[in-house]
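K.L.:
Numbering (the numbering used here), first residue to last: -14 to 187.
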């Protein structure tokens, strides 16, 4: 019998073509009793195949991988295993990669210069259905939103509400969902809903 206080383990698949990166990431994650790495993949095609077989909660995916890149892999993962959340962990912050992988269905985007605690927190949040953006990525999204707002009205992008822009602005400053909730006197669940709406509209 599992005690009511025990936390169910979050099953994670690591996808990166650098073995040392995978080993380091595995060590960081498996220090936490609620996180378990169930498999590792070195290319995009292997990643999709393992996700389909194992149905992990989270696929932690790099963008630059051989055979099939992380953007294509994310799209395929969401097709074969819609319930597996994709969290991108990459060194790339170019606009084209950011928006392509978010459009492909990623639930979060972290840069490899993130602290260990940020990675662990992001994995937990994404497993609970939250969306996570590294502050530098949130700034890019905010910039894109402003550009779209200034563009002609025939741009086929659903506009963010004023509140969603406010939430995104604080995320770009590095505030957590909980901190944003306090700032606006909202519940964390409401902030989570705003983030989900932002991702959906992207």
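Even for Gly, the Cβ is constructed at its ideal location relative to N, Cα and C.
Using a Cβ-Cβ cutoff of less than 8 Å, which residues in the same chain neighbour residue 172 once the five nearest sequence positions on both sides are dropped?
P.N.:
Cβ neighbours of residue 172 beyond the five flanking positions: 166.
K.L.:
Between residue 155 and residue 116, what straight-line distance do the alpha-carbon atoms span, to the nearest angstrom?
P.N.:
In a straight line, the C-alpha of residue 155 is about 14 Å away from that of residue 116.
K.L.:
Measure the C-alpha to C-alpha separation of residue 145 and residue 24 and round it to an integer number of angstroms.
P.N.:
Answer to the nearest angstrom: the Cα atoms are 37 Å apart.
K.L.:
What is the DSSP secondary structure of residue 77, counted as helix, strand or coil?
P.N.:
Coil, per DSSP.
K.L.:
Closest to residue 11 by CA distance: which of 41, 33 and 45 is it?
P.N.:
Answer by Cα proximity: 45.
K.L.:
Spell out a yes or no on whether the segment 59 to 74 and the segment 12 to 22 are touching, meaning 3 or more CB-CB pairs, one atom from each, closer than 8 Å.
P.N.:
Flag = no, the segment 59 to 74 and the segment 12 to 22 do not touch.
K.L.:
Measuring alpha carbon to alpha carbon, tell me which residue in 57, -2, 38 and 82 is nearest residue 96.
P.N.:
If we check each option's Cα against that of residue 96, 82 comes out closest.
K.L.:
Can you tell which of 85, 32 and 80 has its C-alpha closest to the C-alpha of residue 128?
P.N.:
Among 85, 32 and 80, the Cα nearest to that of residue 128 is on 80.
K.L.:
Need the endpoints of the beta strand (DSSP E) that residue 93 sits in, please.
P.N.:
Here the beta strand (DSSP E) through residue 93 covers 93 to 96.
K.L.:
Taking the alpha helix (DSSP H) that residue 99 falls in, what are its first and last residues?
P.N.:
Neither: residue 99 is in no alpha helix (DSSP H) and is coded neither H nor E.
K.L.:
Give the DSSP-derived three-state secondary structure of residue 16 in the structure shown.
P.N.:
Note: residue 16 maps to coil in three-state DSSP.
K.L.:
Is DSSP giving residue -7 helix, strand or coil here?
P.N.:
Note: residue -7 maps to coil in three-state DSSP.
K.L.:
Go ahead and label residue 41 buried or exposed: buried means 16 or more other beta carbons lie within 10 angstroms of its beta carbon, across all protein chains shown.
P.N.:
Residue 41 is buried by the Cβ-count criterion.
K.L.:
Which value, in whole angstroms, describes the spacing of the CA atoms of residue 37 and residue -5?
P.N.:
When rounded, the distance between both Cα atoms is 17 Å.
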